[in-house]
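Worksheet: one structure, shown below.
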Amino acid sequence: MPNHTAARQSPFARTLTLALCLLCAFISASCGGVYVLREDATLQVTATLAPSGGFGRFIEAVAVSPDRMGNLYVLDRGASTVVKFDSLGDSIRSAGGYGRDHFQFDQPADLDARQTNNIFVADYGNHRIEQYSRELAYLATFYTREDPTQANRFGYPTSIALEDAGNLYLIDGENDRVLKATSDFRIDRVIGGYTTASRPDAVLHKPRSLAVDRANNLTVLDNGGFKLVSFDNLGNPLAARTLRTGAIRIRAFGDTLFVIPEIGNDQNLSIELYNTRTLQPRGIWVVPNIGLPNAKLAGGSELAAIKGRVVDIVVQNGRILLLGHFSIVQYTLTPVQ
Numbered sequence: 045m046p047n048h049t050a051a052r053q054s055p056f057a058r059t060l061t062l063a064l065c066l067l068c069a070f071i072s073a074s075c076g077g078v079y080v081l082r083e084d085a086t087l088q089v090t091a092t093l094a095p096s097g098g099f100g101r102f103i104e105a106v107a108v109s110p111d112r113m114g115n116l117y118v119l120d121r122g123a124s125t126v127v128k129f130d131s132l133g134d135s136i137r138s139a140g141g142y143g144r145d146h147f148q149f150d151q152p153a154d155l156d157a158r159q160t161n162n163i164f165v166a167d168y169g170n171h172r173i174e175q176y177s178r179e180l181a182y183l184a185t186f187y188t189r190e191d192p193t194q195a196n197r198f199g200y201p202t203s204i205a206l207e208d209a210g211n212l213y214l215i216d217g218e219n220d221r222v223l224k225a226t227s228d229f230r231i232d233r234v235i236g237g238y239t240t241a242s243r244p245d246a247v248l249h250k251p252r253s254l255a256v257d258r259a260n261n262l263t264v265l266d267n268g269g270f271k272l273v274s275f276d277n278l279g280n281p282l283a284a285r286t287l288r289t290g291a292i293r294i295r296a297f298g299d300t301l302f303v304i305p306e307i308g309n310d311q312n313l314s315i316e317l318y319n320t321r322t323l324q325p326r327g328i329w330v331v332p333n334i335g336l337p338n339a340k341l342a343g344g345s346e347l348a349a350i351k352g353r354v355v356d357i358v359v360q361n362g363r364i365l366l367l368g369h370f371s372i373v374q375y376t377l378t379p380v381q
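Note that the numbering used here has the sequence shown beginning at 45, numbered continuously upward.
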């Protein structure tokens, strides 16, 4: 029978050590690196982390998602636009604009390009999920706010995540719950909603972000950004963990969960890593010098400081990309011998 409390899953000493090491790493302004949590509850530096370039110019980017071909799709909420970049960081296509028609958005909140041939956008202000091709041609709309069955209705979607089979998870911001829909947009189940039969650890309160791992387990950033809850693909709760500081987004790469903290641009960024299923801590990525005044674009021009919060991350094909509101910065990992 699975154990659902983080306190029972790891000793207090491990959590305390992780917190202290995180604090020490966080206040260091000169060194970034990858810190892996070992079995003896200590952190080992396995690689250094340094900026190696960047690209993009956005008004207010809020999300980035890679496809399986190495392309990136960036959601610029400030411009109500989706921008596609190739693996070299060159902008090759865009679609969008403010409004209610297709190819238009109202405060778009998230996107997912996991399927490569289908790109999904959470169109927050229009209460819908928009589906596009990899060439950003319009394909379909998922909208249920006026559905005659009240249980199927959703509004203000704030986050989405896709399974490999095409099933879609979304945060129903209007009703503080997560919905799972099939690839043909039929509501399959409610996750985290309250019923008299609900287990307390399975009820969600203000979910904020979603992530699906390679085994199709779902993790929810809950409680306004202060709690993680994992579920299997049937909606059964697996584990829960309270975070010490608030987070704005989670992303899963393989079976590792990356937690993006809510933080300003004048500090180093400490990204905590967890197992996607058990939510046991795996380590920390400390990213130095968030302003990055010396980073260069591919063409050689100076890269402006990220400014404002870092809002998303991509870990793909040996590269690490951080999305800020105004640009993307690429980092290089150098293993420590």
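We put the CB at the ideal spot given by N, CA and C, even for glycine. On a predicted model such as this, the values are computed, not experimentally measured, just so you know.
With 16 as the cutoff for other CB atoms within 10 Å, does A339 come out buried or exposed?
-> In this prediction, A339 scores a pLDDT of 39, lower than 50, which makes its location untrustworthy; no coordinate-derived value is stated.
Reduced DSSP secondary structure (H/G/I, E/B, other) of N162 | strand
To the nearest whole angstrom, what separates the beta carbons of G269 and R252, a pair I think is in contact under 8 Å?
-> With 8 Å as the limit, G269 and R252 qualify as a contact, their Cβ atoms being about 5 Å apart.
Compare the beta carbon distance of P110 and V373 with 8 Å and say whether it is the shorter of the two.
-> No, the Cβ-Cβ distance between P110 and V373 is not below 8 Å.
Whole angstroms is fine: what's the gap from L377's alpha carbon to E190's?
-> 49 Å
How many Å lie between S72 and V330 at the Cα?
-> Interpretation of S72 is limited by its pLDDT of 43, a score under 50 that renders its predicted location unreliable; the figure taken from the coordinates is listed afterwards. Cα to Cα, the separation comes out at about 9 Å.
Leaving aside the five residues before and after I364 along the sequence, list all residues of the same chain whose C-beta is less than 6 Å from its C-beta, in chain order.
-> Y375
Measure the beta-carbon distance from D220 to L248 and round it to whole angstroms, keeping in mind my assumption that it falls under 8 Å.
-> Sure, about 7 Å apart at Cβ, within 8 Å.
Cβ pair count under 8 Å reaching 3, the segment 129-146 against the segment 186-200 | no
Identified DSSP bridge partners for A94 | T376
Local Cβ density within 10 Å of E316, reported as buried at 16 or more and exposed below that | So E316 counts as buried.
Hey, how far is the Cα of T202 from the Cα of D356?
-> 14 Å
Give the straight-line distance between the Cα atoms of F147 and Y213, rounded to the nearest whole angstrom.
-> 22 Å
Strand pairing of Q175, partner residues [DSSP] | Among the bridge pairs identified by DSSP, Q175 is matched with F164, A184.
Assign R121 to one of three DSSP states: helix, strand, or coil.
-> helix
DSSP three-state assignment for N267, whether helix, strand or coil = In this structure, N267 counts as helix in the three-state DSSP scheme.
Boundaries (first-last residue) of the beta strand (DSSP E) holding R233 | 231-235
How would you call I103, buried or exposed, if buried means at least 16 neighbouring beta carbons within 10 angstroms?
-> Exposed: under 16 other Cβ atoms inside 10 Å.
Determine the contact status of A255 and R285, defining contact as a CB-CB distance below 8 Å.
-> no
Straight-line Cα distance separating L180 from D299 = 29 Å
Nearest-angstrom Cβ-Cβ length linking Q151 and R172, presumed shorter than 8 Å | The pair is not a contact, with the Cβ atoms about 12 Å apart (cut-off 8 Å).
Reference V118; option with closest CA among G210, D145, G98, L155 = L155
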